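Before any comments, here is the structure.
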Amino acid sequence: MQAVLEVTSGPHSGRKIVLRPGVPVRIGRTSKSDYVVAEDTFLSAAHFYVEFSSDRCVVRDLNSSNGTYLNGTRTSEGILREGDVITAGQSSFAVRLDPFAEAAHHEPAMSMDDTRPMPASMMGSSVMGTGSSWVQQPPTSPVAARSPDLTAAQRGLLEVLRGLEHPVFALLDGNAGLGLADSVRASGVAVELLSEFPRAFIMPVNPDSPAALRLAENWGKGLGIYVTSHQTLAMVRNHLRRFQTLMTPDGAEFQFRLFNAPLLRSFLGLLSSIEAKTFFGPIAGFLMEGEQPGDLMLFVPGPDGALHKTIPLGIGAAL
1 MQAVLEVTSG
11 PHSGRKIVLR
21 PGVPVRIGRT
31 SKSDYVVAED
41 TFLSAAHFYV
51 EFSSDRCVVR
61 DLNSSNGTYL
71 NGTRTSEGIL
81 REGDVITAGQ
91 SSFAVRLDPF
101 AEAAHHEPAM
111 SMDDTRPMPA
121 SMMGSSVMGT
131 GSSWVQQPPT
141 SPVAARSPDL
151 TAAQRGLLEV
161 LRGLEHPVFA
171 LLDGNAGLGL
181 ADSVRASGVA
191 VELLSEFPRA
201 FIMPVNPDSP
211 AALRLAENWG
221 KGLGIYVTSH
231 QTLAMVRNHL
241 RRFQTLMTPD
251 GAEFQFRLFN
261 APLLRSFLGL
271 LSSIEAKTFF
281 GPIAGFLMEG
291 EQPGDLMLFV
301 PGPDGALHKT
311 IPLGIGAAL
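Mapping to our numbering: the sequence shown position 4 is 4, numbers consecutive.
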């Protein structure tokens, strides 16, 4: 029998991990694991492992922070069958069992922690092949390089935005950010009205553009809220417009200020699984200023609600 884990979602989507009989494969975020998904910050250092023998395949959670899920149910240990899906952090792994195939005789796929030195043969390359075990850090933004006035946190913000998988959009307070919105619009960037009351705007963000630099310069002033999505500006705008007016548990309506970081942080932290799925919709994640000016908070939908992580900016900031 042959056993393969196929990565169906997350940073390594499309890759396959071939399992060897009797050799447990630990999967996690750091080099403590055998297969490393360094980009998935919601994985623990060693999150779970899968062990394959001649007659069965099992998954075991390794006391992870956010839990391991088998077909949507949190589990500490489970027997795997063909088609089962393991979910951990932002990554999912489909189980492929072929009882008639001979087990592979090579090592499982490996993904080395990107803090290790890069082989000389890959220096100068900015593209990682699907079979490569090494990840090169993205080149420094030419815009940021020409901007010595940016603080370490502001430069760190641009690094994080540059590393996101999906396009980025910024949400702007229509009052505090009106001058910023006007200057960005004058540079040719599409800035659209998100809501009339409270007045708010939404705009796409190219992390290497002068507009992104203007936004970064305002980090720490209450203007730092971003969303990332594979959908278009119009799709994201229309989705967020659905939540301009919300209702409290006692039936009172209120105008929801999406651009208010403290309010949004509290709101996202209280969402149930179903509520998070509805609120996020086409949005892969919300990024906003943390309680400390040098921190960025990332929220993504999870099995039990919204998962969150605090990222200190300016200290090798990366997701």
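From the three backbone atoms N, C-alpha and C, an ideal C-beta is built for every residue, glycine too.
Computed from a predicted structure; not experimentally measured.
- Rounded to whole angstroms, the separation of the alpha carbons of V7 and L233 is 28 Å.
- Separation of H47 and G174 (C-alpha to C-alpha, rounded to the nearest whole angstrom) is 42 Å.
- In this model, I225 and A186 are separated by some 21 Å (Cα to Cα).
- Here T73 is bridged, per DSSP, to L70.
- Selection R20, D40, G22 evaluated against R29 yields D40 as nearest (Cα-Cα).
- Following the DSSP letters along the chain, one finds S9 inside the beta strand (DSSP E) bounded by residues 2 to 9.
- Taking 8 Å as the cut-off, the Cβ atoms of A276 and A306 count as close.
- Contact annotation: F169 and V227 have beta-carbon atoms nearer than 8 Å.
- Q292 and L298 have their C-alpha atoms some 14 Å from each other.
- Assignment of beta-bridge partners to D173 by DSSP yields A200.
- Nearest Cα to P167 within the set P24, P204, T151, D182: P204.
- Leaving aside the five residues that flank Q244 on each side, the residues in its chain whose CB is nearer than 7 Å to its CB run, in chain order, S195, Q255, F256.
- When DSSP assignments are scanned along the stretch 25 to 97, the uninterrupted stretches of beta strand (DSSP E) that are 3 or more residues long and fall wholly within it turn out to be 25 to 28, 48 to 52, 57 to 61, 68 to 70, 73 to 75, 77 to 79, 85 to 88.
- Burial of A211 is indicated by the presence of at least 16 other C-beta atoms within 10 angstroms of its C-beta.
- With fewer than 16 other CB atoms across the displayed protein chains lying within 10 angstroms of its CB, E77 is exposed.
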